[in-house]
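Engineer: Attaching a single structure in structure tokens format; questions to follow.
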Amino acid sequence: MEDLAARLAAVDARIADAARAAGRDPAEITRIVVTKFHPADLVASLYGLGVRDVGENRQQELTAKTAELGRLDGLRWHYIGQAQTNKARAIRDAASVVHSVDRARLADALDAVADDDTPDLDVLIQINLTADPGRGGVTPDGLEKLAEHVEGCRSLQLRGVMAVAPLDEHPAPAFERLAGYAERVRRIAPDATWISAGMTADFAEAIACGATHLRIGSAITGPRPTRG
Ligand SMILES: *Cc1c(COP(=O)(O)O)cnc(C)c1O
Numbered sequence: 001m002e003d004l005a006a007r008l009a010a011v012d013a014r015i016a017d018a019a020r021a022a023g024r025d026p027a028e029i030t031r032i033v034v035t036k037f038h039p040a041d042l043v044a045s046l047y048g049l050g051v052r053d054v055g056e057n058r059q060q061e062l063t064a065k066t067a068e069l070g071r072l073d074g075l076r077w078h079y080i081g082q083a084q085t086n087k088a089r090a091i092r093d094a095a096s097v098v099h100s101v102d103r104a105r106l107a108d109a110l111d112a113v114a115d116d117d118t119p120d121l122d123v124l125i126q127i128n129l130t131a132d133p134g135r136g137g138v139t140p141d142g143l144e145k146l147a148e149h150v151e152g153c154r155s156l157q158l159r160g161v162m163a164v165a166p167l168d169e170h171p172a173p174a175f176e177r178l179a180g181y182a183e184r185v186r187r188i189a190p191d192a193t194w195i196s197a198g199m200t201a202d203f204a205e206a207i208a209c210g211a212t213h214l215r216i217g218s219a220i221t222g223p224r225p226t227r228g
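Okay, here's the thing in structure tokens:
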């Protein structure tokens, strides 16, 4: 717990430094702690340290942890993984934000499970910054079409874009492209101002390129347990 608090504080200090170096206000940046593969206890500990945004990338794990922890006032669960349409209801039940909308069919599925009294769901369009379709995300040439589609989904609020840096390229130029894609989405949806980018290895570069939401795992949680 002391180690966790120290790592969290150290990362927050690095975020603040990177923000100031980029001439930005650290307060405009949301740090999401990615807790995947770690037990629900870790989320409870983080909550005790003041963390209110956590990220998960597998629906089953998200569902299990939210069930185990119950309602923690003010805690937002961010879904950051690839999503199957038949898991839309489970994801929507557990998550406040879905970062990984990469196709119209997924947007439709997330929209379709809302009742009249379901709160709107914040969503981001995930963009593939690589040439490898296996890495997830819409290709940039399909961006406007998908943004227009999401805008047409009654119960979804399009908040912005999300991406993961390529493995075979320096993150800075990739995040610069992402900033350009974010601008293209804002021409369609002016309120879609979020840019979800930056992980343990590259959050400073993401901040320099305008990221508003960082998804940081191992630098805060420590190494992930290996999956059995
Ligand atoms: C695991 C994961 C992260 C966090 O990764 P770290 O390198 O541990 O910070 C961020 N984004 C996505 C989509 C992830 O799956």
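Using the UniProt record's numbering, read the sequence shown as starting at 1 and increasing by one per residue.
All C-beta atoms in this analysis are idealised placements derived from N, C-alpha and C, irrespective of residue type, glycine included.
(1) Could you name the residues, in chain order, whose CB is less than 5 Å away from a heavy atom belonging to ligand 1?
(2) Does the beta-carbon of Gln126 have 16 or more other beta-carbons within 10 angstroms, so that it is buried, or is it exposed?
(3) Considering only the beta carbon of each residue, do Pro49 and Ala104 sit closer than 8 Å?
(4) Under 8 Å Cβ to Cβ from Tyr79, same chain only, skipping five residues before and after it: list those, please.
(5) What would DSSP say about Arg177, mapped onto helix, strand or coil?
(6) Given that a residue counts as buried once 16 or more other Cβ atoms are within 10 Å of its Cβ, and exposed if not, what is Pro171?
(7) Is the distance from the Cβ of Glu2 to the Cβ of Ala40 below 8 Å?
(8) Taking 8 Å as the threshold (C-beta atoms), are Asp25 and Ala19 in contact?
(9) Taking buried to mean at least 16 other C-beta atoms within 10 Å of its own C-beta, is residue 233 buried or exposed?
(10) In angstroms, rounded to a whole number, what distance separates the CA positions of Ala21 and Ala204?
(11) Nearest to Thr193 by CA position, among Ala112, Asp202, Ala174, Leu158, is which residue?
(12) Is the beta carbon of Thr30 sitting closer than 8 Å to the one on Asp12?
(13) Below 8 Å between beta carbons: does that hold for His213 and Ile15?
(14) For Gln59, which residues does DSSP report across the bridge?
(15) Counting only the same chain and skipping the five closest in sequence on each side, list residues whose C-beta sits under 6 Å from that of Pro223.
(16) Taking only three categories from DSSP, how would you classify Ser100?
(17) Tell whether a beta-carbon distance below 8 Å holds between Gly160 and Ile195.
(18) Starting from the N-terminal side, write out each stretch of the alpha helix (DSSP H) that is 4 residues or longer and does not extend beyond the stretch 140–196.
(19) Going by C-alpha distance, which of Thr200, Cys209, Asp108, Lys36 is nearest Glu148?
(20) Could you check if Asn128 is buried or exposed, using at least 16 other CB atoms within 10 Å of its CB as the buried criterion?
(21) Which runs of the alpha helix (DSSP H) fall wholly inside the stretch 21–80 and span at least 4 residues, in chain order?
(22) Please classify Arg224: does DSSP put it in a helix, a strand, or coil?
(23) Roughly how many whole angstroms lie between the Cα atoms of Met162 and Ala211?
(24) If you reduce the DSSP assignment to three classes, tell me which class Asp111 lands in.
Structural biologist: Result, derived from the coordinates:
(1) Val34, Asn57, Ile80, Met199, Thr200, Arg215, Ile216, Gly217, Ser218
(2) buried
(3) Correcting the residue type first, residue 49 is Leu in the shown sequence and not Pro. With a cutoff of 8 Å on beta-carbon distance, Leu49 and Ala104 are scored as not near each other.
(4) Listed in chain order, the non-local C-beta contacts of Tyr79 below 8 Å within the same chain comprise Gly55, Glu56, Asn57, Gln59, Leu62, Ile91, Ala94, Ala95, Val97, Val98, His99, Ser100, local neighbours out to five positions each way being set aside.
(5) DSSP, read as helix, strand or coil, puts Arg177 in helix.
(6) buried
(7) no
(8) yes
(9) The question about residue 233 has no answer, for the chain in this structure spans 1 to 228.
(10) 9 Å
(11) Leu158
(12) no
(13) no
(14) Answer by DSSP bridge pairing: none, since Gln59 is not bridged.
(15) none
(16) Correct three-state label for Ser100: strand.
(17) yes
(18) 143–151, 171–188
(19) Per the Cα distances, Asp108.
(20) buried
(21) List check, alpha helix (DSSP H) in window: 40–48, 59–69.
(22) coil
(23) 9 Å
(24) helix
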